[in-house]
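Following full-length UniProt numbering, the numbering of the sequence shown begins with 1 at its first residue and continues without gaps.
One structure is given here, and the rest of the page talks about it.
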Amino acid sequence: GTPATGKTTLAKKVAENLPLNFIDIGETIKKENFFDGYDKRLETHILDEDKLLDHLQERLDSEEGGYILDYHSSELFPKRWFDFIFVLRCDTQQLFDRLTDRGYSDIKRRENIECEIFGTIAEETRESYDKDIIFELNNTEKEDLGKNILEITKIVGKYI
Numbered sequence: 001g002t003p004a005t006g007k008t009t010l011a012k013k014v015a016e017n018l019p020l021n022f023i024d025i026g027e028t029i030k031k032e033n034f035f036d037g038y039d040k041r042l043e044t045h046i047l048d049e050d051k052l053l054d055h056l057q058e059r060l061d062s063e064e065g066g067y068i069l070d071y072h073s074s075e076l077f078p079k080r081w082f083d084f085i086f087v088l089r090c091d092t093q094q095l096f097d098r099l100t101d102r103g104y105s106d107i108k109r110r111e112n113i114e115c116e117i118f119g120t121i122a123e124e125t126r127e128s129y130d131k132d133i134i135f136e137l138n139n140t141e142k143e144d145l146g147k148n149i150l151e152i153t154k155i156v157g158k159y160i
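Right under this line is the structure:
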């Protein structure tokens, strides 16, 4: 989902309920310095995808158990890594408020709001993976978080 839709909060809660390892891809990128430059206009680092994928593959191969990968986009990851993909959606006014609270610049807020309006993340996911493993969940209100934790736990829990 778009930044600030609640991915990390939800993923951590689901990982507490299921015997799955949580990996925050964004934090991994920062910690391991997987950058290949900086985009001044968008005020963001450019990801070195090859370094990230090599690192994650090593980790997935070396540790036992299943994983929850937390990232704003799934399209760069191999299909074989996923049994399920959950795309979080959010009302754009709520998303704007969350992005503002996080200190996002005007251009980054606008880009992320447009991404949510056009359903960019969901569309990219549908283009990259089998539709049977993709679930879109509304995560606008606080009560949506609890419902989504239960829904994901129910879906994934059947296979653990």
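Glycine is no exception: its CB is placed at the ideal position from the N, C-alpha and C atoms.
Remember, predicted model here, so these are calculated numbers, not experimental data.
A direct Cα-Cα distance of roughly 21 Å separates Thr-8 from Tyr-129.
Look at Phe-22 here: in three-state DSSP terms it is strand.
Annotated three-state conformation of Asn-112 is helix, per DSSP.
Within the segment 97-160, the beta strand (DSSP E) runs of at least 3 residues that lie entirely inside it are, in chain order, 134-138.
Tyr-67 is positioned such that its CB atom lies no closer than 8 Å to that of Gly-26. Ranked by how close their Cα comes to the Cα of Lys-158, the residues Leu-18, Gly-6, Pro-3 and Gln-93 have Leu-18 in first place. Along the length of the UniProt region "NMPbind" (24-47), whole alpha helix (DSSP H) runs at least 4 residues long occupy 25-32, reported in chain order. In this structure the segment 49-63 does not touch the segment 104-113; the number of beta carbon pairs closer than 8 Å is below three. Counting of Cβ neighbours within 10 angstroms places Phe-118 among the exposed residues, the total staying below 16. Between Ala-4 and Ala-11, the alpha-carbon positions lie close to 13 Å from each other.
When DSSP states are grouped into helix, strand and coil, Leu-69 belongs to the strand group.
Arg-89: member of the beta strand (DSSP E) spanning 85-89, first to last residue.
Leu-95 and Cys-115 have their alpha carbons spaced roughly 11 Å apart. Straight through space, the alpha carbons of Phe-86 and Asn-139 are spaced by roughly 11 Å.
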